[in-house]
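Residue numbers (the working numbering), protein chains in the order written: chain W, 1 to 327; chain D, 1001 to 1146.
The beta-carbon is built from N, C-alpha and C at its ideal position, and this holds for glycine as well.
Note that the structure is a prediction, hence the values are computed from the model and not measured.
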Ligand code: SF4
Ligand code: SF4
Ligand code: SF4
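This is how it looks when you write it as structure tokens:
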């Protein structure tokens, strides 16, 4: 577990540097067990920072979300760095963003958090409904310990752990300037059992499954907005000419939306699970992303977000790529 | 609607590259080779121009099947376009299959400018494949009755 005092001390050092303008980390949320992003600009604010298994957000998203307004004549753009706290999976988003040349490595300071897993807030809230006063979650051995309202509850890790952490291949960040704790060994692996199970079904069964899921989508686009890899300024979903998706919420346009979103993340999605976490109607978006993740690994031996020097998957090819499906 | 499979005539949208497949189809025509008339051809400059969303959009707008055809590997007029197309298409085809769109509906082929006879075979294969899975009735645009 990351020691909070050490975390704050390092953060204080970093934000005091002249070449750093902002530090993005986590702080206690307003109610319940939640944690939320903290945007720190001065050393005085550093004492808000925390890290716990409640820190689920992928902060890499904020690096590309920031709006870059045109600089008025005579003024210099603020080129100071942004520091960001990342878990293992989040760090892969940074790697993939750099692979795509979203920004230069020198523009960011990475504080890596070796991670032992985060909770799934839905599971926590199902188990402890209506906890409004602030509570805390820590990991002790193989149990999550939840303290709230003077109570202390222990729950086996397995029961509250987020699904993505059950298949996490890179718990220690792949890119960092400073590591906030000892590196952790890989404790899980991905066997794609969920994707394999779906693949076995007949075409009718598959469509029946997805039709029900897609028909629930309200097209709020939260899944796109939260995604660290969805940072195109001119997004195909917003385009009016050509208009790939109409605005109506019906099964045809919803399906088109889900095909386009998932396809645009083919070979880019780094499995942070944020899209599915924020979906208000519980559409299993990871099952779509993971199909591509699996195919890309099988067909092209490529894993997104692991090598910042590799060319992006669909911007390259091998002469002997598989083609047995071509007439 | 409600057509019986044996007299169902599919609509197939074919994206053909200007330099090989379009010329191949043209050769089939000038050589008076007979092939099923179910194909609506859209000429693109290169199979690498085919955005995977074209496939999705065609299926949405009433196509029962989609064919993408380009030059054989190594013969691309732009050197590499068909290699990129091959990767994109492989992923798209697997993904549509995962959603329940039969793989018979989305096909890709290499047809060169001299392969009028192969064009006929490709079209026969595609048409019979789409006929075997019937009309596309999954996510095309339709009028809703509120
Ligand atoms: S996926 Fe891995 S790195 Fe990410 S939160 Fe879970 S355990 Fe940590
Ligand atoms: S698609 Fe989902 S899991 Fe993949 S990078 Fe985006 S938010 Fe993360
Ligand atoms: S977050 Fe869920 S409801 Fe919103 S657009 Fe994405 S899939 Fe649809």
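ask   = Given a threshold of 16 other Cβ atoms within 10 Å of its Cβ, counted over all protein chains shown, does residue 1001 of chain D qualify as buried or as exposed?
value = Any reading at residue 1001 of chain D needs caution, since the residue's pLDDT is 44, under 50, leaving its predicted position unreliable; the model's value is listed next. Around the C-beta of residue 1001 of chain D, fewer than 16 other C-beta atoms lie within 10 Å, and the residue is accordingly described as exposed.
key: Burial state of residue 1020 of chain D, where buried means 16 or more other Cβ atoms lie within 10 Å   = It is buried - the Cβ of residue 1020 of chain D has at least 16 other Cβ atoms within 10 Å.
request  = Closer than 9 Å, Cβ to Cβ, to anything on chain D: give me those residues from the segment 203-222 of chain W, in chain order.
outcome  = Answer in chain order: 203, 204, 205, 206, 207, 208, 209, 210, 211, 214.
message = So that I know if they touch, is there some Cβ in chain W lying closer than 9 Å to that of residue 1002 of chain D?
response = Confidence at residue 1002 of chain D is low in this model, with a pLDDT of 45, below 50, so its placement is unreliable and no value can be given for it.
request  = Using the DSSP secondary-structure output, state which residues sit across from residue 51 of chain W in a beta bridge.
outcome  = None; residue 51 of chain W has no bridge partner.
ask   = For residue 229 of chain W, is the beta carbon positioned less than 8 Å from some heavy atom of ligand 2?
value = Of the heavy atoms belonging to ligand 2, at least one sits nearer than 8 Å to the Cβ of residue 229 of chain W.
task = Determine the contact status of residue 27 of chain W and residue 49 of chain W, defining contact as a CB-CB distance below 9 Å.
result = Yes, the Cβ-Cβ distance between residue 27 of chain W and residue 49 of chain W is below 9 Å.
task = Please go through the same chain and pick out, in chain order, the residues whose beta-carbon is closer than 8 Å to the beta-carbon of residue 1060 of chain D, but skip the five residues on each side of it.
result = The residues are 1139, 1140, 1141.
Cβ neighbour criterion (16 or more within 10 Å) applied to residue 112 of chain W = With 16 or more Cβ atoms within 10 Å of its Cβ, residue 112 of chain W is classed as buried.
task = Grab me the residues of residue 127 of chain W's own chain with a C-beta within less than 8 Å of its C-beta, minus the 5 sequence neighbours each way, in chain order.
result = Contacts found: 155, 159, 160.
ask   = Should residue 33 of chain W be labelled buried (16 or more other beta-carbon atoms within 10 Å of its own) or exposed?
value = Result: buried.
task = Report, in whole angstroms, the separation of the C-beta atoms of residue 148 of chain W and residue 157 of chain W, which I expect to be a contact under 8 Å.
result = Going by Cβ atoms, the distance from residue 148 of chain W to residue 157 of chain W rounds to 18 Å, so no, they are not a contact pair.
task = Taking only the alpha-carbon atoms, compute the straight-line gap between residue 1036 of chain D and residue 1105 of chain D and give it to the nearest angstrom.
result = Cα-Cα distance, rounded: 16 Å.
task = Can you tell me which of the three DSSP states residue 1110 of chain D falls into?
result = Assignment of residue 1110 of chain D by DSSP, reduced to helix, strand and coil, places it in the strand class.
query = Can you tell me the Cα-Cα spacing of residue 61 of chain W and residue 85 of chain W, whole angstroms?
reply = C-alpha separation (whole angstroms): 11 Å.
task = Taking only beta-carbon positions, decide if residue 1056 of chain D is within less than 9 Å of chain W.
result = It does; some Cβ of chain W falls within 9 Å.
query = Alpha carbon to alpha carbon, what distance is there between residue 1126 of chain D and residue 1038 of chain D?
reply = The straight-line gap from Cα to Cα measures roughly 10 Å.
message = Alpha carbons only, please: which of W:239, W:24, W:31, W:298 is nearest the one belonging to residue 134 of chain W?
response = Ranked by how close their Cα comes to the Cα of residue 134 of chain W, the residues W:239, W:24, W:31, W:298 have W:31 in first place.
ask   = Excluding the five sequence neighbours on either side, which residues of its own chain have a C-beta within less than 7 Å of the C-beta of residue 46 of chain W, listed in chain order?
value = Sequence-distant Cβ neighbours of residue 46 of chain W in its own chain, meaning closer than 7 Å and more than five residues away, are 8, 11, 12, 15, 40.
query = Does DSSP classify residue 325 of chain W as helix, strand or coil?
reply = In the three-state scheme derived from DSSP, where H, G and I count as helix and E and B as strand, residue 325 of chain W is classed as coil.
query = Which residues, taken in chain order from the segment 241-256 of chain W, show a beta carbon closer than 7 Å to some beta carbon of chain D?
reply = Contacts with chain D (Cβ-Cβ distance below 7 Å) from the segment 241-256 of chain W involve 244, 250, 251, 252, 255, 256, listed in chain order.
message = Just to confirm, is the Cβ distance from residue 276 of chain W to residue 293 of chain W under 9 Å?
response = Contact: no.
ask   = If you measure beta-carbon to beta-carbon, which residues of the segment 166-177 of chain W are closer than 8 Å to chain D?
value = Against chain D - using a Cβ distance shorter than 8 Å - the segment 166-177 of chain W contributes no residues.
inquiry  = My assumption, with CB atoms under 8 Å, is that residue 1010 of chain D sits in contact with residue 1064 of chain D. Please give the rounded CB distance.
reply    = About 4 Å; that satisfies the 8 Å criterion.
ask   = Which residues in the same chain have their Cβ closer than 6 Å to the Cβ of residue 179 of chain W, if we skip the five residues on either side of it in sequence?
value = Same-chain partners within the cutoff: 112.
query = Whose C-beta lies closer than 7 Å to the C-beta of residue 1003 of chain D among residues of the same chain, with five residues either side of it excluded?
reply = Residue placement at residue 1003 of chain D is poorly supported in this model, since its pLDDT is 47, which falls under 50; the coordinates still yield a value, given next. Within the same chain, residue 1003 of chain D has close Cβ partners 1135.
request  = Can you tell me which of the three DSSP states residue 294 of chain W falls into?
outcome  = Under the three-state reduction of DSSP, residue 294 of chain W is assigned to helix.
request  = Specify whether the segment 62-77 of chain W and the segment 187-205 of chain W touch according to this definition: at least 3 beta carbon pairs, one from each stretch, less than 8 Å apart.
outcome  = These segments do not touch.
9 Å Cβ cutoff, residue 193 of chain W in contact with chain D = Chain D contact via Cβ: absent.
inquiry  = Just to make sure I have the definition right: I need the residues of chain W whose C-beta is within less than 8 Å of the C-beta of residue 1073 of chain D. Which are they?
reply    = Within 8 Å Cβ-Cβ: 319, 323.
task = Express the C-alpha separation of residue 88 of chain W and residue 1 of chain W in angstroms, rounding to a whole number.
result = Cα to Cα, the separation comes out at about 14 Å.
message = I'd like to check one pair, residue 326 of chain W with residue 1056 of chain D: are the Cβ atoms closer than 9 Å?
response = 9 Å or more divides the Cβ of residue 1056 of chain D from the Cβ of residue 326 of chain W.
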